[in-house]
Amino acid sequence: MTAQELALRHPGRVRSLVIGCSTAGAASATWTAQADMQALVGAMQSGDAAQALRASWEINVSAAFAAERTDRYDEFVAVTNHDRVSLRVISEQMQAIVGHDTLDRLAQIAVPTTIAHGTEDRMLPYPNGLVLADAIPGATLETFDGAGHLYFWEDPQRAARIALQTSARAD
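Sequential numbering from 270 applies to the sequence shown in this note's numbering.
Here it is in structure tokens:
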């Protein structure tokens, strides 16, 4: 969402754009299922850091990845513990997401753009990626089949390759 606003407000500063696991917001958005959000918020408010981390991991990656790649969970915990984010900041981020609305302006984006989205994204479900790809002229949609919100954790090499390919299209 930040990348969208940067490209829209300062187009001269953006040569290419990768929008990952995002939404155009407002009426076009498909939001997190209520049960998923309640479980995540409940875990975060529980005071149990381990429970909050586990809930965050499980909603942000696909169920298959969470089950198969327990080594990546350990890495997620290490990264999260190193760079802690307060509940206040998370709450403010959620409020900003709900207020986000770029749909009517996305056609103004005129740089090479790739939309990357996991089909199993439970935070900002996959239909959001389809809306973005349809709204931005010439945008390419890169679908991460079976991946969740953190598709770049599930397939980091492909995510990096897509970013480099998109950047190369600007040259």
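Positions of the beta carbon are idealized from the N, C-alpha and C atoms, including for glycine.
Other residues of its chain near residue i: CB distance less than 8 Å, five sequence neighbours each side excluded
i    : result
R282 : L275
G407 : P381, T382
I431 : V287, T383, A385, E411
Separation of residue j from residue i, as counted between CA atoms
i    : j    : result
A332 : L375 : 32 Å
M313 : N397 : 25 Å
F345 : L410 : 27 Å
T299 : D343 : 30 Å
T388 : W422 : 14 Å
F413 : I366 : 22 Å
T402 : I384 : In the sequence as presented, Thr is not what sits at residue 402; that position holds Ala. The straight-line gap from Cα to Cα measures roughly 6 Å.
G294 : L393 : 10 Å
V358 : R284 : 30 Å
D440 : L433 : 11 Å
H369 : M270 : 7 Å
A321 : S315 : 8 Å
L347 : A336 : The sequence shown places Ala at residue 347, not Leu. If you take the alpha carbons of A347 and A336, they lie about 18 Å apart.
A340 : A302 : At residue 340 the sequence reads Asp, which differs from the Ala that was named. About 27 Å.
L277 : P425 : 27 Å
A319 : H351 : 14 Å
R338 : T349 : 17 Å
Buried/exposed call for residue i, threshold 16 Cβ in 10 Å
i    : result
S297 : buried
R353 : exposed
D317 : exposed
V287 : buried
L372 : buried
S291 : buried
A428 : buried
Q362 : exposed
Q364 : exposed
Close beta carbons around residue i, own chain, < 6 Å, minus the five adjacent residues each side
i    : result
I405 : L375, I378, T382
Whole-number beta carbon distance between residue j and residue i, since they are thought to touch under 8 Å
i    : j    : result
R438 : H418 : Incorrect: roughly 25 Å between the Cβ atoms, too far for contact.
L356 : I328 : Contact flag wrong, Cβ pair sits at about 16 Å.
G289 : Y420 : 7 Å
Nonlocal neighbours in the same chain, by C-beta distance under 7 Å from residue i, ignoring five residues either side
i    : result
M306 : none
G415 : S331, A333, T388, E389
S436 : S285
R323 : none
S325 : L309
Whole alpha helix (DSSP H) elements within the stretch 341 to 388, 4-residue minimum: Here the runs fully enclosed are 356 to 368.
3-residue-minimum beta strand (DSSP E) runs that sit fully inside the stretch 276 to 303, ordered along the chain: 286 to 289
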